[in-house]
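> My structure is below; once you've seen it, I'll send some questions.
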Amino acid sequence: MHGVGLKKMSKEIQFIRSVKGTRDLLPSETWLWQRVEDEARAVLSAYNFREIRTPILEQTALFARSVGEETDIVTKEMYTFADRDHESLTLRPEATASVVRAYIEHSLYNEGGIQKLYYIGPMFRRERPQKGRYRQFYQIGAEVLGSDHPTIDAEVIEMLMLFLARLELKNTALLLNSVGCSICRPEYLKVLRHALDGVKSNLCADCQRRAETNPLRVLDCKVEADQPIIAELSSILDHLGPECRQHFDRVTAELTERGIDYTITPRLVRGLDYYTKTTFEITSGALGAQNALLGGGRYDGLAEMIGGPPTPGIGFSIGEDRLVLAVGEAAQGKADAAQWAASPVTAYIIWMGDRTLAPARQLARELRRQGLRVEIGYEPTKLKKSMGVASRTGARFTVIIGEGELESGRYQVKDMTSGEQQEVEPAGLAGYLRSRLTAANQPVAFAIKGSDHG
Ligand code: HAM
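In my numbering, each residue carries its 1-based index in the sequence shown increased by 604.
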């Protein structure tokens, strides 16, 4: 009958809480997530991306091979377990590898041309939780498969800029780099290894290990004391081969042409091994320590790494948790208004007396069939209390049905904003409410189709 209060919780049986690093997203937040996702879908569809949904569970080898055996993600952060038949499975820590797997598995290359795919969903990494960093987090990501043309790199970034602008997100910075390819990177790694040999003993324990196993990872070390040493290491941009150099120059020229500001950041090597050529991140000033709003780049060798045909690709993933944080901060003050605007109850139906219950239910059903968002009291309640409940739902109107209204065949409709009251016949109520909403430019739950009548 009533909600369970905290004080009623059992003293003997310990309450089972959510898992560390995971969160419940409550209705007071989900409206903003929906708004961000609607905007994302709109912008992605303008650039002709189509949605793909891949499983959350994948074979562990998929990530080990593509993200990289030596990366933090694979060595420390994956949720990996043996299935009942001993197969090693992993909760996806990212989705690019999954999208490329699906592209190969379903031979999407046979459809001809390039494939532009996007996804929205949860990812899992066992990181130390803090603001903007969770163990279950969400990404909005997109991948373009089948071309290595630098125009695509620039276009993908242009699309991101449009998306962030539509969310009115300010104070963002685009960081850009190239990490070379399978031809020029090994040359750079030789140089890097050589340089590290001389200074390695002064670096943190992790970097001493990385210097041996994956020297590129030294460049994104966050340990303060290592920074002056890392700053002295030579830049990958000085070791790009002619093809990678040309590609990078084309990308930067096209960004400039499109009026997009960027900062070249030679240390931006990203935490995943599959990247080739272009890499980028967008950071947000609205976020604290975890300020990377999104990351992406080109991965022309990834399909082959997982046993597929050569397929160049580029994409990005936006950290949706962080994006919502940043958008929420930007919308401070407007938040409440926007929340109600996103989910207003059109009409709260108040009935008084047993005889009025049946017509009240019938009215609720009819109004809902006509796409209006309707709430109704489920138990007999005094008028004053019902009005209180109605206003807490944010109802735009209340419809009052008492014995008198049944007699006259006209229900009382109260405008909760102006306080003004009007009598309306039940048959004309849906039309009346719809027209009032349209006049005030307020949304209905859904538009009526021809088949909704009768
Ligand atoms: P990533 O840089 O590992 O790239 O992740 C992209 C974004 O996901 C980050 O910039 C951040 O906003 C968000 N993120 C990552 N870890 C967490 C976490 N623990 N909690 C909250 N947010 C997080 C990728 O995942 C690549 N798949 C991007 C890509 C797509 N590259 C090419 N295509």
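Glycine included, each C-beta is placed from N, C-alpha and C at the ideal position.
Hey, is Arg813's beta-carbon within less than 8 Å of any beta-carbon in chain B?
Structure shown: chain B not included; a single protein chain is present.
> Can you name, in chain order, every residue of its own chain whose Cβ lies under 8 Å from the Cβ of Thr867, other than the five neighbours on each side?
Cβ within range, chain order: Ala777, Leu778, Leu779, Leu780.
> Terminal residues of the continuous alpha helix (DSSP H) containing Tyr761?
In the sequence as displayed, the identity of residue 761 is Ile instead of Tyr. Here the alpha helix (DSSP H) through Ile761 covers 754-770.
> Between Leu629 and Trp637, how many whole angstroms is the CB-CB distance? I'm expecting something under 8 Å.
The pair is a contact, with the Cβ atoms about 6 Å apart (cut-off 8 Å).
> Going by DSSP in three states, Val827 sits in which element: helix, strand or coil?
Note: Val827 maps to coil in three-state DSSP.
> Mind checking Tyr982: buried by the 16 CB within 10 Å criterion, or exposed?
Flag for Tyr982 reads exposed.
> When we look at the beta-carbon of Glu1009 and count the other beta-carbons within 10 Å, is it buried (16 or more) or exposed?
Counting Cβ neighbours within 10 Å, Glu1009 comes out buried, since at least 16 surround it.
> Do three or more CB pairs link the region 658-670 to the region 744-757 at distances below 8 Å?
Because the criterion of three Cβ pairs below 8 Å is not met, the region 658-670 and the region 744-757 do not touch.
> Please list the terminal residues of the continuous alpha helix (DSSP H) segment that includes Leu793.
That run of the alpha helix (DSSP H) goes 788-803.
> Starting from Asp1019, trace the beta strand (DSSP E) in both directions and tell me its first and last residue.
Per DSSP, Asp1019 belongs to the beta strand (DSSP E) from 1015-1019.
> Which whole runs of the beta strand (DSSP E) in the region 712-755 are 3 residues long or more, in chain order?
719-728, 740-749, all fully within the region 712-755.
> Using beta-carbon positions only, say whether Leu1033 and Leu961 come within less than 8 Å of one another.
No; because the gap between Cβ atoms is not below 8 Å, this pair is not in contact.
> Mind checking whether Gly845 and Cys785 have CB atoms under 8 Å apart?
Yes.
> Mind checking whether Lys881 and Phe920 have CB atoms under 8 Å apart?
For Lys881 and Phe920, no; Cβs fall outside 8 Å.
> Mind checking which residues open and close the beta strand (DSSP E) that includes Leu987?
It is not in any beta strand (DSSP E) - Leu987 instead sits in the alpha helix (DSSP H) that spans 987-996.
> Given the structure, does Phe1061 come close to the ligand HAM, in the sense that its CB is under 7 Å from one of the ligand's heavy atoms?
Since the first residue shown for the chain is 605 and the last is 1058, residue 1061 is missing from the structure and cannot be characterised.
> Hey, out of Thr817, Ile724, Arg849, whose CA is closest to Ser782's CA?
The shortest Cα separation from Ser782 among Thr817, Ile724, Arg849 belongs to Arg849.
> Could you tell me if the beta carbon of Thr882 falls within a distance shorter than 7 Å of some heavy atom in the ligand HAM?
Answer for Thr882: no, Cβ out of range of the ligand HAM.
> Please report the distance separating the alpha-carbon of Pro832 from that of Gln719.
Approximately 43 Å between the Cα atoms of the pair.
> The ligand HAM heavy atoms versus the CB of Gly875: any closer than 7 Å?
For the ligand HAM, at least one heavy atom lies less than 7 Å from the Cβ of Gly875.
> Put Leu876 into one of helix, strand or coil per three-state DSSP.
Leu876: coil per DSSP, three-state reduction.
> Return the CA-CA distance between Met605 and Pro984, expressed in angstroms with no decimal places.
Confidence is the limiting factor: at Met605 the pLDDT is only 46, short of 50, which leaves the residue's position unreliable, though a coordinate-based value still follows. So the alpha carbons of these two residues sit roughly 12 Å apart.
> Quick check: is any heavy atom of the ligand GTP less than 7 Å from the C-beta of Asp925?
Ligands in the displayed structure: the ligand HAM; the ligand GTP is not one of them.
> Tell me the rounded alpha-carbon separation between Tyr651 and Met763.
The straight-line gap from Cα to Cα measures roughly 7 Å.
> How many Å lie between Tyr878 and Gly905 at the Cα?
C-alpha separation (whole angstroms): 7 Å.
> Identify, in the order they occur along the chain, each residue of the same chain with its Cβ nearer than 7 Å to the Cβ of Phe685, setting aside the five sequence neighbours on each side.
Contacts found: Leu693.
> Cα-Cα, which of Asp676, Arg959, Ala964, Trp955 is closest to Lys989?
Ranking Asp676, Arg959, Ala964, Trp955 by Cα distance to Lys989 puts Trp955 first.
> Measuring only from the beta carbon, is Ala699 closer than 7 Å to any heavy atom that is part of the ligand HAM?
Yes; taking the cut-off as 7 Å, the Cβ of Ala699 has a heavy atom of the ligand HAM nearer than that.
> Would Val671 and Glu698 qualify as a contact pair, given that the criterion is a beta-carbon distance under 8 Å?
Yes, Cβ-Cβ distance for Val671 and Glu698 is below 8 Å.
> Which residues does DSSP pair with Leu898 in a beta bridge?
For Leu898, which the question treats as bridged, DSSP gives the partners Ile886, Ile922.
> Using only CA atoms, which one of Tyr792, Ala815, Pro659 lies nearest to Val803?
Considering only alpha carbons, the answer is Ala815.
> With H, G and I counted as helix, E and B as strand and the rest as coil, what does DSSP make of Ile1052?
Coil at Ile1052, not helix or strand.
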